[in-house]
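Protein chains in written order, with the working numbering: chain A, 224 to 898; chain B, 689 to 952.
Right under this line is the structure:
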C-alpha cells in the first residue's frame, strides 16, 4: 500500500518502540545510581585545586533532562538528588538536593524545549548550552538552599569561594556527560515536534516573522468594520479563506478555464493547508505531496486539480481509500467543485491521523515553512487572513484553524478535550461554534453552517468532520453557505458535502434533514446559549429572547450577527428592530477591545492615519461585492453601483499603484462610506 | 499540552515531597529516618565501590602501607592515652571525670566523601564493629574528627575541618584551653582551623602545638590527641580573646586508614 511506504519513510520520525524507551530509561536510571556512587566514592575525594569537585550527578540530571523531556528531567533530578541526600556521607538535610536537582532538571528541559519551539529546529550546541547553564544554576541553587537553611557548612564566604570553581569544573565535565547521555537517548528520543503546543514564543514568532519578512499584516478580521465598534454594513458574505495574494480572487479565476469556483460575493474559496504548495488554478495537481510528511496527524494537503465546471457541483469529499487511523479529515470538498471523475483522492495515507486536504485551486495555497512534527496540524498557513489562533491549547493534537476566518474569524475560547479541531473560523457571518464537543477526535465545522444555524449533530464516531455547504460556495448569485446536518455516518473520516442538486435557494428553506425552519427557529438556533441547546432544537427559552441577551463567553459576536439576506423579508422576527438589537447585543462583549498587535490588526482608520509601515501596503482595489437579494441597501450608493469584488488588503502592493488607487477610491467616495 | 500538564503535576508533587523531607529533617536536626534508610540502601554499594577504590589505592601505594598505618594508629592512640595519664592523671581524672577504661581502636577505611560544602567522610566500619556516634576518629598524624552517624556497616565522620565541628583544645606548653572550629576547607588542601582561646591573657605564638582537651567520657574527643600547630596569630586589635589559625597535622585530603577510638 501507499501508506506502508509512507510509513516506512516516516519510520525515522515515528515514536520509538516501548521496549526501546524502557531500555533507555533503565540505562539512565542505572547511570544515575552509578553516578551517585562514583560521585561519593571517587569524585568527592579527588584533591582538585580550588576545593571543589564537579558534580557528576547534577550534570547527568541536566543532560538527561535536555535530551528527554521536562517530566523525565524532574523525575531524574528528584531521584538522584534524594539519593545524594540520604547516602551515608551526607549530613545535610534530606531533600535539599532533591529539591534543587528536580528544579534544575525540569527547568533545563523546559528551557530547551522553549528554545527549540521558537527556533523550530534542534541545535545540539544550544541544547548543550542550556544543559550547562542548568548545571551552573543547580550549583548555585544548592548553595543558596544551604544558606537559607543556615547550614553551618555553607556560609557566604565558603560559597563565594567554592561556587565559581565548582561551576568551572562542571562546565569542563559537561561535554562528556552530554555526549554520553545524547548517545544513550539518541534512539529513544523521537524527533519530537518542535511545537507540541503553541508556546508564547512561537505565537509571537509566527506573527512577527511574516511581518518582518515584509508580508502585509493580515491580522484584521475581515468582515469587521472600521473598528470593532462598527460592524460592517450589510455586505454580501464573503468567504475568504487565506487569500494570500493580491487580486487573486479576481484575476486568477478570470483566467482560469471554465467557470471558477465563485463564492458569494464573487470571491473564491482558498484554503491552504500545511503541505500545500502554490498551484495555479489551471494546473491540475493530482498527487499529494509527500515530501514533508514528518509525522502522523499532519494536516496534509493534496493540492488538487482545479478545472471546474460550474454546472457540476460535486461533493469532492471522498473518504480516504484507507483510513488507518482516527482523526482523518478529507477536506477535498473544501477545494471547491471538481469535475466528475476527477475527484482528487488522498491517494496516500501515510499514517494515522492524517488529514488530507485537497488544496484549493487558487494560487494562494501556501506551504508551511517547516513541519513541526507529529501530532500537529499546522494551520499556520491558514492564518494569512486573520492570524488568529487559540490563545492556549489545553490539549495536544490540536488543530487550530482559527486563522481560517475571513469574515468572522473567532475562536473557541477554550476547548475541553484533546484532538479537537475547531474550525469555527471557517464560519460565515453567523457561523456557529461547537461550544462543547462531546468526544475526542471531533472536528466541528459548525461554522461552515449557513445562517440558519444548523450545526453538526452528535457525531457517532471519532474523526468526523462535517463540512456542509461545500457547494454553497459556488452559488453564482452570491448565495450563502448552507449547513447540513451530518447524517449519522457509519464510518470515520467522512466529510459530508451538500449535494449539487440542492440549490442555494433551497438552502434557506430546507436547511436540514428536518425540514424547513422558520426564521424564528433560525434566529433561536443561532442565539442559543450553548451548543447543546442548539443541538437540542431551535426553540429554547433563551433563544426566544435572544436579541436581548449578551453573548456568553466564547460566543462569536461577529458571527451571530444576522445578515440581511437571511432575515430580510421573513417577517417580524427578521425585522430591522430585531437586527439592530441583536447587533447591539452581539458586540457588547467586544466594546472597547481593539485588539493588540498580535491578535488583531489595527483598524483601517488607524492605518490610514498612522505612520506605520503597514499602511503602505494597504490599498483598495475594486469595489464591493454585489448585494444579495433582500439585503439592506448599502450606505454608499456608489459602492453598490460598482459591484466589484470588494476591497482587499494586499500584500506587496506596489507603492506606485497605491496613490492612484487611493485617489481613485477617494474620488469615488469610498472613504466616506461606513466601512 | 497534556504532557505539560502532567509534567506540572508531577513537578509539584516532587517539590512538595522534597520540601516536606527538608522540613522533617530540619525538625529532627538532621537525624530523621531518611538518613538511616539511605544508609542502609547505599552502604553495600559504597562498600563495594570503596573496596574497589581502596584496592586501587592499595595497589598504587603498596599493601603494606595500610597495615603499617593501622599499627601506627594503634600506637598513636596508646601514646595519647599514656600522655594523658602522665600529664596529670589524677587531676584530670578528678576534674574531667575521664573514663579510666582502656581505649581500643577500630581501624577503618574511608570509602566515600561528602560534597563540596560538607566535610564528611564515610568509613567502612559501622555499629557492627562497635562504633557508636560521637567517638573520636584519628589517624597516624593526629585528630581527624568524630563519628557523626553510624549504620550497621558504615560510619559517617565529621571532620575537624567541618564548619559545624568544634574541638576543645589545650595548648601543649601553656595549658591554655580554647576552641577549634573548622572552616569547611578540607578539600582545598590547605585546611586551616580557627582557634579561639578562652583566656584573654594567653599568649599565642606560631609553632605552638595543640592537643585535644578531652570530653566527658571521651566523647566526642578523647584527650591528648595532637591536633595541629599554630600557623598564624590573627588576634584583632582590641579583641578580648586571642585567635589564631591552626594547621592540622592530619592531611584531610588524603585520608585513607583511620582509627575510631572505641571506649568501653
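Just so you know, even glycine gets a beta-carbon here, dropped at the ideal spot from N, CA and C. All values derive from a computational prediction rather than experimental measurement.
Worksheet item: Could you give the distance in angstroms between the alpha-carbon of residue 369/A and the alpha-carbon of residue 770/B?
Response: 42 Å
Worksheet entry | Length of the line joining the Cα atoms of residue 742/B and residue 718/B | 29 Å
Worksheet item: Do you know offhand how far residue 925/B's Cα is from residue 729/B's?
Response: 52 Å
Worksheet item: Does residue 784/B have its Cβ less than 9 Å from a Cβ in chain A?
Response: Confidence in residue 784/B is poor, its pLDDT being 48 and thus under 50, which makes the residue's placement unreliable; the coordinate value appears in the next sentence. It does not; no Cβ of chain A falls within 9 Å.
Worksheet item: By Cβ distance below 6 Å, which residues in the same chain neighbour residue 890/B in space, the five residues on each side in sequence not counted?
Response: 864, 930
Fill in: Residue-level contact to chain B via CB, residue 241/A, 9 Å cutoff
No, its Cβ sits nowhere closer than 9 Å to a Cβ of chain B.
Worksheet item: What residue does the beta strand (DSSP E) around residue 791/B start on, and which one ends it?
Response: Judged by DSSP secondary structure, residue 791/B falls within the beta strand (DSSP E) whose first and last residues are 791-801.
Worksheet entry | 9 Å Cβ cutoff met for residue 816/B and residue 761/B | no
Worksheet item: What residues in the region 836-859 of chain B bring their beta carbon closer than 8 Å to a beta carbon of chain A?
Response: 836, 837, 839, 842, 844, 846, 850, 851, 852
Discussion item. Against chain A, which members of the region 809-824 of chain B pass a CB distance test of less than 7 Å?
Written reply: 809, 810
Discussion item. Using beta carbons (cut-off 9 Å, strictly below), is residue 408/A in contact with chain B?
Written reply: no
Discussion item. By the 8 Å beta-carbon criterion, what residues does the region 695-709 of chain B contribute toward chain A?
Written reply: Within the region 695-709 of chain B, the residues whose Cβ lies closer than 8 Å to any Cβ of chain A are, in chain order, 695, 698, 699, 702, 703, 705, 706, 707, 708, 709.
Worksheet item: Is the closest heavy atom of the ligand FMN to the C-beta of residue 294/A under 8 Å?
Response: Among the components modelled here there is no ligand, and therefore nothing to report on the ligand FMN.
Worksheet item: Contact between the region 303-312 of chain A and the region 706-725 of chain B: three or more CB pairs below 8 Å?
Response: yes
Worksheet item: Rounded C-beta distance between residue 899/B and residue 915/B? I'm assuming under 8 Å.
Response: With 8 Å as the limit, residue 899/B and residue 915/B qualify as a contact, their Cβ atoms being about 6 Å apart.
Practice prompt. Note down, in chain order, all residues in the region 261-280 of chain A with a beta-carbon under 9 Å from any beta-carbon belonging to chain B.
Written response: 261, 262, 263, 264, 265, 266, 267, 268, 269, 270, 271, 272, 273, 274, 275, 276, 278
Fill in: the region 713-732 of chain B: positions lying closer than 7 Å to chain A by Cβ
Taking a C-beta cut-off of 7 Å against chain A, the contacting residues of the region 713-732 of chain B are 713, 714, 718, 720, 722, 723, 725, 726, 727, 730, 731, listed in chain order.
Discussion item. Is there a Cβ of chain A sitting closer than 9 Å to that of residue 801/B, yes or no?
Written reply: yes
Discussion item. Taking CB distances under 9 Å as the criterion, tell me whether residue 351/A reaches chain B.
Written reply: No, because no Cβ of chain B sits closer than 9 Å to the Cβ of residue 351/A.
Worksheet item: residue 376/A and residue 806/B look like a contact to me (Cβ under 8 Å); what is the Cβ gap, rounded to whole Å?
Response: With a Cβ gap of about 5 Å, residue 376/A and residue 806/B count as contacting.
Worksheet item: Could you give the residue range of the beta strand (DSSP E) that holds residue 933/B?
Response: Looking at the DSSP string, the run of the beta strand (DSSP E) that includes residue 933/B is 931-936.
Item to complete: Take every Cβ of the region 381-393 of chain A, pair it with every Cβ of the region 313-329 of chain A, and state whether three or more of those distances are shorter than 8 Å.
Response: no
Item to complete: Decide if the region 294-304 of chain A is in contact with the region 690-699 of chain B; the criterion is three or more beta carbon pairs, one per stretch, under 8 Å apart.
Response: yes
Practice prompt. Please work out which residues of its chain come closer than 6 Å, Cβ to Cβ, to residue 768/B, disregarding the five sequence neighbours upstream and downstream, and give them in chain order.
Written response: 912, 913
Worksheet item: For residue 741/B, which residues in chain A fall below 9 Å Cβ to Cβ?
Response: 264, 265, 268
Worksheet item: What do you reckon, are the CB atoms on residue 302/A and residue 720/B nearer than 9 Å?
Response: The Cβ-Cβ distance between residue 302/A and residue 720/B does not fall below 9 Å.
Worksheet item: Which residue from 275/A, 322/A, 350/A, 250/A puts its Cα closest to that of residue 290/A?
Response: 350/A
Discussion item. Alpha carbons only, please: which of 840/B, 886/B, 757/B is nearest the one belonging to residue 923/B?
Written reply: 886/B
Item to complete: Determine the burial state of residue 329/A: buried for a count of at least 16 other Cβ atoms within 10 Å of its Cβ, exposed for fewer.
Response: Buried: at least 16 other Cβ atoms inside 10 Å.
Discussion item. Taking 9 Å as the threshold (beta carbon to beta carbon), is residue 692/B in contact with chain A?
Written reply: yes
Worksheet item: Going along the chain, which residues of the region 379-394 of chain A sit with their C-beta nearer than 9 Å to a C-beta in chain B?
Response: 380, 381, 382, 384, 385, 386, 388, 389
Practice prompt. Using a Cβ cut-off of 8 Å, pull out every chain B residue sitting near residue 329/A, in sequence order please.
Written response: Per Cβ cutoff of 8 Å: 695, 699.
Fill in: Backbone secondary structure at residue 836/B - three-state DSSP
strand
Item to complete: Please name the residue or residues paired with residue 858/B in a DSSP beta bridge.
Response: DSSP output for residue 858/B lists 865/B, 899/B as bridge partner(s).
Discussion item. Classify residue 354/A: buried if its beta carbon has 16 or more other beta carbons within 10 angstroms, exposed otherwise.
Written reply: Counting the other CB atoms within 10 Å of its CB gives residue 354/A a total of 16 or more, which places it among the buried residues.
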